[in-house]
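Going by the working numbering, the sequence shown opens with residue 1, and the numbers climb by one from there.
Virtual Cβ for every residue (Gly too), placed ideally from N, Cα, C.
I have placed the structure first, in the form of structure tokens, so that the comments after it can refer back to it.
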Amino acid sequence: MNNENKIIIFDTTLRDGEQCPGASLNIKEKLEIAKQLAILGVDIIEAGFPVSSPGDFESVKTVARNVKGPIICGLARALEKDIDASYGAVKFSDRPRIHIFLATSKIHMKYKLKKAEDEILRLAVAAVKYAKSKVSDVEFSPEDASRTEPAFLHKVVEAVIAAGASTVNIPDTVGYSTPFEFADIISGIKKNVPNIDKCVISVHCHNDLGLGVSNSLAAILNGARQVECTMNGLGERAGNASLEEIVMAIKTRNDIFKGMCTGVNTKEIYKSSRLVSKLTGMPVQPNKAIIGANAFAHESGIHQDGVLKKRITYEIMRPEDVGFEESKIVLGKHSGRHAFDSRLKNLGLHLKQSDLNKAFEKFKVLADKKKEIFDEDLEAIIDEEISKVPEKVHLIHFHTASGDRVKPTAVLTIRYNGKVLDASSTGDGPVDACYKAIDKITGISGKLMDYQIRSVTRGKDALGEVSVKVESKGKIFSGRGASTDIIEASIKAYVNAINKRAIAG
Ligand code: KIV
Ligand code: ZN
Numbered sequence: 001m002n003n004e005n006k007i008i009i010f011d012t013t014l015r016d017g018e019q020c021p022g023a024s025l026n027i028k029e030k031l032e033i034a035k036q037l038a039i040l041g042v043d044i045i046e047a048g049f050p051v052s053s054p055g056d057f058e059s060v061k062t063v064a065r066n067v068k069g070p071i072i073c074g075l076a077r078a079l080e081k082d083i084d085a086s087y088g089a090v091k092f093s094d095r096p097r098i099h100i101f102l103a104t105s106k107i108h109m110k111y112k113l114k115k116a117e118d119e120i121l122r123l124a125v126a127a128v129k130y131a132k133s134k135v136s137d138v139e140f141s142p143e144d145a146s147r148t149e150p151a152f153l154h155k156v157v158e159a160v161i162a163a164g165a166s167t168v169n170i171p172d173t174v175g176y177s178t179p180f181e182f183a184d185i186i187s188g189i190k191k192n193v194p195n196i197d198k199c200v201i202s203v204h205c206h207n208d209l210g211l212g213v214s215n216s217l218a219a220i221l222n223g224a225r226q227v228e229c230t231m232n233g234l235g236e237r238a239g240n241a242s243l244e245e246i247v248m249a250i251k252t253r254n255d256i257f258k259g260m261c262t263g264v265n266t267k268e269i270y271k272s273s274r275l276v277s278k279l280t281g282m283p284v285q286p287n288k289a290i291i292g293a294n295a296f297a298h299e300s301g302i303h304q305d306g307v308l309k310k311r312i313t314y315e316i317m318r319p320e321d322v323g324f325e326e327s328k329i330v331l332g333k334h335s336g337r338h339a340f341d342s343r344l345k346n347l348g349l350h351l352k353q354s355d356l357n358k359a360f361e362k363f364k365v366l367a368d369k370k371k372e373i374f375d376e377d378l379e380a381i382i383d384e385e386i387s388k389v390p391e392k393v394h395l396i397h398f399h400t401a402s403g404d405r406v407k408p409t410a411v412l413t414i415r416y417n418g419k420v421l422d423a424s425s426t427g428d429g430p431v432d433a434c435y436k437a438i439d440k441i442t443g444i445s446g447k448l449m450d451y452q453i454r455s456v457t458r459g460k461d462a463l464g465e466v467s468v469k470v471e472s473k474g475k476i477f478s479g480r481g482a483s484t485d486i487i488e489a490s491i492k493a494y495v496n497a498i499n500k501r502a503i504a505g
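If you want it as structure tokens, here you go:
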């Protein structure tokens, strides 16, 4: 790979990412994330803002001491005390960087800093020179660059490069820019700053309009070679450009990002994302690109059929390439027979066509009641429908009423020996009432010896499985039934046991 095509990944999860409300991390957690970022293969870790608190200073120092490979960077305002703190923490790294920022937009200079352009220019140059006296690797950011007058921006960039900055970072601090506009800002800098080839152009885009990644990619296409980003897109307000999206866009669309590449081991992306989410307590939305739980999950029957026939019909990336195990075929009400059949085969369940048809019908009925059908649901369907004992007794309808002020009552309609019969009963509870009603219809009296219920799948709409042991004529008959309704599961389990008893005669 030509060095000109290498896109430097500057990870700021531990600095800007941690500025995300509610995402604070302690030293131990920061170190754990930094170690994983090094395994992921990022080039630079911005570990914190050392002057901001003693805890942040210690975190940056700990990361600098213990994480080998990437450059370790500390943020600083254009003030000697900030630069001293930043140096005091990053100097423990073999590859230290000091990152200085100073706002250059009219809005920030007038209302926040209350300083004129000349003063800002002087402070920026002085700060870079001071940092350069401590480390060789100095980065400068004209904060709010995207809202800065272009002529002043070019002047500041030229001056800080002359003062020794080896990276100039162009932030879209408030996420205000749009891709074409941001691309023009970068090409304007390339065209109008005479010494620009003496430094790396970096970009740092916030996501207030949801354009952080698009703006970063537009900048890359116009000459930026460092991107500042965070895992899971964490960051101040709506966050920063997301690392995983930038890296995978460059890799997946190499026809557009011609020959460009990053040093990221993409197979570590999912693991890194999970770690950051776990330690910051910031969940990843299921539909988040690249790393969301649904990023490789297919629900629609047409899509499932396509993916099973040829993955590339509906998948532009391989899930394994970002560290997911495999694409997920979510079985639900939109799934077709092909996906259903293929999942059964994966579970080692090879059914003959007629059983497959029956099981598929059952699956569709269950899918109308439940959002997602898990493997355990399928096993329960097969157990109940296919490995089934011939039915003398078959449940048609049931109705129960119970509460703390009513006597539990059940009304059941059952087909028994080919006849449709009704019976009602009361009992200690709704299940007991149902079992008594079944006994009335069949004339088979079973003594319930054991009753167990468990949830076989996850979620509020989980499938409940009931197992019973019924004693009749001195023998024990076991039965099993599953349903999203536990009363129905209980009836099915009892009916299953009674059928065995009926066959036994
Ligand atoms: O968003 C921003 O401008 C920043 C700077 C410190 C680079 O985070
Ligand atoms: Zn920022």
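The ligand ZN heavy atom lying under 6 angstroms from the CB of residue i
| i | result |
| --- | --- |
| D56 | no |
| D208 | no |
| D16 | yes |
Identity of the residues DSSP links to residue i by a beta bridge
| i | result |
| --- | --- |
| I44 | F10, I71 |
| R77 | F101 |
| H399 | V411 |
| T426 | T409 |
| L448 | V470 |
| D383 | According to DSSP, which records beta bridges pairwise, D383 is partnered with nothing at all. |
| I120 | Partner(s): none; I120 has no beta bridge. |
| Q226 | I8, S202 |
| L351 | None; L351 has no bridge partner. |
| A482 | E465 |
| S455 | G464 |
| A297 | K328 |
| P509 | There is no way to answer for residue 509, as the model of the chain reaches only from 1 to 505. |
| C261 | K6 |
| P171 | H204 |
| F477 | V470 |
| H394 | R415 |
beta-carbon residue i near the ligand KIV non-hydrogen atom, thresh 6 angstroms
| i | result |
| --- | --- |
| S141 | yes |
| T252 | no |
| F101 | yes |
| P171 | yes |
| H108 | no |
| H204 | yes |
Rounded Cβ spacing between residue i and residue j (contact assumed at less than 8 angstroms)
| i | j | result |
| --- | --- | --- |
| E513 | I291 | Nothing about residue 513 can be reported from this structure: the residues present for the chain run from 1 to 505 only. |
| I170 | V138 | Not quite, the Cβ-Cβ distance comes to about 16 angstroms (not below 8 angstroms), so this is no contact. |
| H377 | L366 | It should be noted that the sequence gives Asp, not His, for residue 377. Right, the Cβ-Cβ distance comes to about 6 angstroms (below 8 angstroms), so this counts as a contact. |
| M231 | G17 | 7 angstroms |
| V509 | I9 | The shown model of the chain, from 1 to 505, leaves out residue 509, and the question about it has no answer. |
| I250 | C261 | 7 angstroms |
| T409 | A433 | 6 angstroms |
| I382 | L349 | 6 angstroms |
Any C-beta of chain D under 7 angstroms from that of residue i
| i | result |
| --- | --- |
| I72 | You won't find chain D in this structure, because it holds only one protein chain. |
Quick check: the region 294 to 304 against the region 63 to 83, are at least 3 beta-carbon pairs closer than 8 angstroms? no
For the region 252 to 263 against the region 15 to 29, are there 3 or more C-beta pairs whose distance is under 8 angstroms? no
Under 8 angstroms, with one C-beta from each stretch per pair, do the region 273 to 284 and the region 54 to 67 reach the 3-pair mark? no
Three or more C-beta pairs closer than 8 angstroms, one from the region 215 to 225 and one from the region 197 to 206: is that the case here? yes
Counting Cβ pairs, one atom from each stretch, are 3 or more of them under 8 angstroms apart for the region 149 to 169 and the region 189 to 201? yes
Say whether the region 481 to 495 touches the region 388 to 406, bearing in mind that this needs 3 or more beta-carbon pairs closer than 8 angstroms, one atom from each stretch. yes
Would you check if there are 3 or more beta carbon pairs closer than 8 angstroms linking the region 424 to 441 to the region 395 to 406? yes
Could you say if the region 173 to 188 and the region 109 to 118 meet the contact criterion of at least three C-beta pairs nearer than 8 angstroms? no
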